Structures are given as C-alpha cells and as structure tokens.
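Number of protein chains: 2
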Amino acid sequence: MSDVGIKDVAARAGVSPGTVSNVLNRPEKVSPATREKVEAAVRELGFVRHGSASTLRAGHSKTIGLSVIDIGNPFFTDVTAGVEEVASDLGYAVILSNSAGSRAKEERNLLVLAEQRVRGVLITPSDEDPARLDRLRERGISVVLVDHPAHRPDQCSVAVNDIGGGMTAVRHLMERGAKSIVYVTGPLTIRQCLDRRAGAERAYGRPLRVVEMGTMNPRAGQQAAEKLLSEGDLPDAVFCANDLLALGLMRDLTHAGVRVPDDVALVGYDDIDFAAASAVSLTSVRQPTHQLGRVATELLLDECDNPATHAHQQIMFQPELVVRESTR
Amino acid sequence: MSDVGIKDVAARAGVSPGTVSNVLNRPEKVSPATREKVEAAVRELGFVRHGSASTLRAGHSKTIGLSVIDIGNPFFTDVTAGVEEVASDLGYAVILSNSAGSRAKEERNLLVLAEQRVRGVLITPSDEDPARLDRLRERGISVVLVDHPAHRPDQCSVAVNDIGGGMTAVRHLMERGAKSIVYVTGPLTIRQCLDRRAGAERAYGRPLRVVEMGTMNPRAGQQAAEKLLSEGDLPDAVFCANDLLALGLMRDLTHAGVRVPDDVALVGYDDIDFAAASAVSLTSVRQPTHQLGRVATELLLDECDNPATHAHQQIMFQPELVVRESTR
DNA sequence: TGACCGGATCAGAACGTTTCAATCCCGCTC
DNA sequence: GAGCGGGATTGAAACGTTCTGATCCGGTCA
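Keeping their order, the protein sequence lines are chains A and B.
When we follow the numbering used here, the leftmost residue of the first sequence carries the number 17, and every step to the right adds one.
When we follow the numbering used here, the leftmost residue of the second sequence carries the number 17, and every step to the right adds one.
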C-alpha cells in the first residue's frame, strides 16, 4: 500500500509539509539546498503525489475528458492519438469515453467526467442540442467541439470542411470529364455525409443521384455496386462518402468487369492507410485528423490555463485531395 | 461554477451530510421518505458528487488506466472499445495512455496513473521487465496484462495464441498444397511477429524463408513484394504477419502479373475490415480483439472489487482462420 | 412505568494536499 | 547594536467527501 504522504517526506527531509508542496509545485520558491533534500526524500520514499487530494484542495484536476462517437472509427482513432500526445506532454491524463452514437450513453459519460472534475472536455457531440454542453460550462468545465463547428462565438471548435471536401472531389471528377456522377453515402442523418453531398452538388451545379446505405463499410459499398449494376444505367464517376464504401464498391465493380477508372472513375474520403494500396489505388480526400486532435487539445488547455488571455476560436481545417489511379 | 456540495443538498433536504452520503452510496440504509427528499434536493440543485473528495476519503477511485503500445493500431482500437464498454457499464472511467513503444513514455504515463490513484491498470507492456508493474502492485494497484501472457501465477493476463495462429495459417497453406512458403513480417523484436513465426515453422516442420520489414503497413508489403520479385525465386505461398503487409504485397504481386492465389497463395493476420473487400479477398487469421478488452476489464474489476474471492487467471484466446479467395 | 431494542439519523473527525498569513533568520544600514 | 527588509520556511485552515460511534425516537416487553 502506498501510504507515504507529503508529511512523511517532510519528516524525512526535516522540513514542513508546506515546503514539500512548494518543491512539488513551485520549485523556484525554495532554496536549492532544501529543494535537493526534499527531492532526495521523495526519491528514497518513492513518494507519489495523491492526485485527488491535490485536486480537492487546488480546485482543479490534471485531467481532460474526450468523448467520441465511435472509438472504432479510424478517424477518431487518429484524433485520439493526437489528443493523447499533447495532453500527455503537458502532464494531463485523458479520460476516454465512447458515446457509440447513443445520446443516453453520452449523457452518462459526461456525468462521469463531471464527477471526475475534469479540467475540460473535448467532444464530438452526438447531436445538435447544446444544452448539455452549456451545463458543463456552467460548472466551469471548458468545452471544445471536435469535428463539429461551433455555432456560438464563445466556444472553441475544430472541424474539417466537409463541404469543401465534397466540392474538391466532384470538381476533380468533372475536370477529368465526368458527366454523370453518383454520390454513394452512409446515412444522411450524419452531418458529414450531408455536408459532403452539399459540397458535391455545389460543384456539380445540380442535384446528384444519391445511393444511401445504412452503414459505411466495405460490405455496404459492395451492395451499392450491385445496386448500380442492377439498375443498368452506370455513371461515369462515383464519389463515396468514405473509403471503405469506395473500396467495397470498387471491388464489386471490378469483379463485374467494369474498369476503374476507364469506365467509372472513383473518389473516396478519409484517405485511409489502405487507399494507396488497393488493386487500383484510390483517389481520396485526406483530412488532417491527427492535427485535429492536437489543435483541439491545445485550444482546450489554453482555455483552461490562460482563461484571461484565451481567445475562442472556431478552426476549420481544409481537406486535401490525393489523386491516385482510380481517377487517372 | 459548480459549488453545490453535499452539505448544500443536506441543508436543502433538511438532513445531515452523512445522510446524503448514505443516499448516494447505500440507499438501502435510509428510509424511503428521506431518500426521496434527498434525491429531490439533488435534482433541484444539480448536485454532482466531487469524485476527488470521495476518492480521497474512501481511499479508492472509480477509474482504471489503460496503457497501450499504439493507439493507432486497429488491434488496440478494438481492444480499447471493449475495455471502455465494460468499464463505462460499471461506472468506471478509463484513463487512456499511449506508450507509443517508448519505455520512457510508458513510465511517465504509469506515474500519471499512479497519481490519479487508478483502481487498476490494463497494460500491454512495452517490454518484458516486470519491475515497474510490481511497483504498481505494491501500491495496491491491480494490474492485468493485455495481449501478453503473464509469467507469474499471481497475475492476471489475457492474450491471443500467436503461435497457434501461425500454425493454423501455415497448416492451411500446406493442406492447399504449398511447398515453399515465405513469412513476411514486421520487426522480429515484436513478440507477436516472433510467435507467429514460431508457430508457422512448427507447422512447416523446418525454418521458413523470412522477409523482415521495418514497419507493418501496406507500403512495407509492397516493398516485400518487390524484394520477392527481384530475387526471382517466387514461393507458392506467403504468410504475412498482418493484413496491411499482405494487402500491399498482394497489390504489387498482382500488378507484376502474378496471380493470387493461382501462382502465390496468401494469408494475412488480424482480419481487418478490408480483408474481405480487397480485389482478391484475403484469407486471414482473426483475433477476438473486442473480447480481449472486455474480458481483461472484467478480470481487473473483479480483482479490484472482490479481492478476497478473486482467482488470478491467465487467459489465452484462440484465433480463428477465415478462408477467402486468396487461398482458394 | 421504565428499561431496552433496533433502525434511522447525526456530528465530527478523518483523508492528503494547497494556500496564506505569520514567523523566522540573515545580512545590511545607520 | 538596534532596526529594517526580504527571502525562506512554517503551521494551521480549508477543500468535499466518507466513516464511525453516538444519539434519537418509537415501539415492545416485563
């Protein structure tokens, strides 16, 4: 059992507990000689600060919360990695929670985070309702929206321009000569899917033919291919709301004798690791996911640590088109 | 600012703080009438328990730590999802840390976890040295090893049988008639890569030709393909230490006119989402990753909550071969 | 009637830090 | 040698819970 506390250290070093605390938190305030004595005692006793006591007294903790919609999704995984990197560098612990798209679970998770008195929360909200987040902020917990633009100016957010991404993809297809383009997407209740369509249609100049699938995995892509094939009327190009859809689609088109890109050009979204390595490498829209996580965390911690000077920012990253064989 | 504490609730409900605490922690101990009064007060005041104070007094927290080697890796992502699921169901918060393969970073992260006084730690150790973990356990923090078998009987662990997985893969290739088999792998300093080779060779009956790459992504797979092609002497079958290697390899073999599976059969490992949807779908060895995370967490929380009756277990899951076109 | 019982409630002391006003000590100046 | 200034150090209060032993109260039994 770890029962060595700050006063054991104090006793060992022959100083008062207050001094030990100073060594721990404001080393510059204490003379080098005593500092060394204390540090030695800490080492000898294997003292580890009791975070809860510290949080309780100081009124704020060294933890932040991260609430994502789907841990399994590589997009969030990359974001999470960026978050962890920055947080851990600054000595913060990250409490991870997965709302799995369920509003109830998100609510429960936020409660747990509030109980832990996290310093702030990074959240990809599972719906548009800002009430829960306001309640957090009333509690003095800063909130930064991730992958979701803030509606209000007193709120930080980082997001990626999905409209722009959709435009870029379709503009590229059109420059390549595509006349009829289909948009294959996941549920249109998802903001990303909607925004990408909006951008795509803006570039296209009129409504796109849309194939909407319930999920966004390769299997759904294959089903989308079947649908297109059975309907006969093949487009010259397909824009998919994510790479998994695109790759599944590509596979079944190819199996059916349709050549990519000669018969049908194809653009995906996310630029997952494997996009570059599929049989016909996939043109895709890459998002700076890792960066998204890093910047969000930096904003959050700045808001926490320098509340006076902190300026709220709504950052919008621009995605980048990576051209490969599927549109060449 | 959230400054409503247990005594505000007590005042509002006209009871003592102790009673409120009882309502929160042992509702059965308090009469229905007062319980209701207190619950109403909690609701009206929007009271949220201060976790740190609670931890401080009670001596244990409602958090566990999870330390993985590489958050970005889908294997760990799935494990993490399983962990989060169970923990959150039981009201535990998960503190995530990523050692990124660096022993120093792992050490720092474990210190942070110790400061947070986590109840226990799930860890995929970045090396074999058990000293750090012993130090944690001396502090009363339970430890469960993830994806790494425990050497000692007084230690829980969950792992997947990589030797068995390697055997299964190669046995399958041999049954299919393969005579010369190559093992394409990541760094052989990684236990998984080593174990899979060991199993593979056990099935093969003699040493395998090995192509060792520095990383385990599709690009490395493509480089491995180039190497095999340039050396001329193509095998009948390749077993890859993971799917990304296998898919990259497949792509470049196919581009070079080598037919899969007719000229070269191919087995990957991990059964990632995309294995089923590549141009030639990939035979792969699937691991119960999600399950791994769930069971590990259940073991840990059992060890924490029922230290008396808890029996340490070393669980070894068996992977499963999923046969697809690349070996048909 | 009074002693006794048991369940519900209470009061107050912890838990291990941080904070802040108070104190100490030392070298300087006059 | 007294007085002063200022950096280093101290000691005790406070943070919001939980826990423990004590108290209260209504009812039962002799």
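A virtual CB, placed ideally from N, CA and C, is assigned to each residue, including glycine.
Note that the structure is a prediction, hence the values are computed from the model and not measured.
In this structure, Arg51(A) lies near Val39(A), with their beta-carbon atoms less than 8 Å apart. Closer than 8 Å at the C-beta level to chain A, one finds these residues of the segment 117-128 of chain B: Lys121, Arg124, Asn125, Leu127 and Val128.
Per DSSP, the beta bridge partners of Ile80(A) are Val110(A) and Gly136(A). One Cα belongs to Asp279(A), the other to Leu265(A), and the distance between them is close to 14 Å.
Cβ contact annotation for Met232(A) (same chain, cutoff 7 Å, sequence separation greater than five): Gly202, Ala257, Asn258, Leu260 and Leu261, in chain order. Counting C-beta pairs closer than 8 Å gives three or more between the segment 292-301 of chain B and the segment 227-243 of chain A, which meets the contact rule. Runs of the alpha helix (DSSP H) spanning 4 or more residues and lying entirely within the segment 122-179 of chain A occur at 147-154, in chain order. Annotation note: the segment 232-298 of chain A contains the following uninterrupted alpha helix (DSSP H) runs of length 4 or greater, listed N- to C-terminal: 234-246 and 259-271. In the DSSP annotation of this structure, the continuous segment of the beta strand (DSSP E) that includes Phe333(B) starts and ends at Gln330 to Phe333. At least one CB of chain A lies nearer than 8 Å to the CB of His66(B). Listed in chain order, the non-local C-beta contacts of Gly81(A) below 6 Å within the same chain comprise Ile111, Leu129, Val134 and Val137, local neighbours out to five positions each way being set aside.
Residues of the same chain with a CB within less than 7 Å of the CB of Leu106(A), apart from the 5 flanking positions on each side, are Leu317 in chain order. Judged by DSSP secondary structure, Ile197(A) falls within the beta strand (DSSP E) whose first and last residues are Ile197 to Thr201. In this structure the segment 177-194 of chain B lies against the segment 240-259 of chain B, because at least three pairs of beta carbons, one per stretch, are closer than 8 Å.
Partner residues in a beta bridge of Val99(A), as assigned by DSSP, do not exist. For the options Ile85(A), Gln239(A) and Asp252(A), the alpha carbon positioned closest to that of Asp268(A) is the one of Gln239(A).
For Leu337(A), the enclosing beta strand (DSSP E) covers residues Glu336 to Val338.
Separation of the CB atoms of Thr305(B) and Phe91(B) is rounded to 6 Å, and the pair is thereby assigned contact status at 8 Å. Taking one beta carbon from each stretch, the segment 160-170 of chain B and the segment 323-334 of chain B have 3 or more pairs nearer than 8 Å; the two touch.
Residue pairing by DSSP places Glu228(B) opposite Thr201(B) in a beta bridge. From the listed residues Gly284(A), Asn322(A) and Gly309(A), the smallest Cα separation to Val338(A) is found for Gly284(A). Distance from the CA atom of Ile179(A) to the CA atom of Arg275(A), rounded to whole angstroms, is 29 Å. Straight through space, the alpha carbons of Asp94(A) and Val200(B) are spaced by roughly 26 Å. Residue-level contact check: Glu60(A) does not touch chain B, since none of the beta carbons of chain B fall below 8 Å from its beta carbon. Nearest C-alpha to Gly215(B) among Glu131(B), Val301(B) and Gly30(B): Val301(B). Residue state for Ser32(B) is assigned as coil, using DSSP reduced to three classes. Asp252(A) and Ala281(A) do touch by the CB rule: their CB atoms are close to 7 Å apart, below 8 Å. In the three-state reduction of the DSSP assignment, Ser342(B) falls in the helix class, which pools H, G and I.
By the neighbour-count criterion, in which a residue is buried when 16 or more other Cβ atoms sit within 10 angstroms of its Cβ, Leu315(B) is buried. In the structure shown, the three-state DSSP call for Val64(A) is coil.
By the rule that beta-carbons nearer than 8 Å mark a contact, Thr270(B) touches chain A.
At a beta-carbon threshold of 9 Å, none of the residues of chain A lie near Gly284(B); the nearest stands roughly 12 Å away. The C-beta distance from Ser68(B) to Thr313(A) rounds to 22 Å, too long to meet the 8 Å contact threshold.
Arg302(B) is bridged by DSSP to Glu336(B). Legend: CB atoms of the segment 209-239 of chain B lying less than 9 Å from CB atoms of chain A belong to residues Asn233, Pro234, Arg235, Gly237 and Gln238.
The residue among Val54(B), Arg207(B) and Ala97(B) with its C-alpha nearest the C-alpha of Gly117(B) is Arg207(B).
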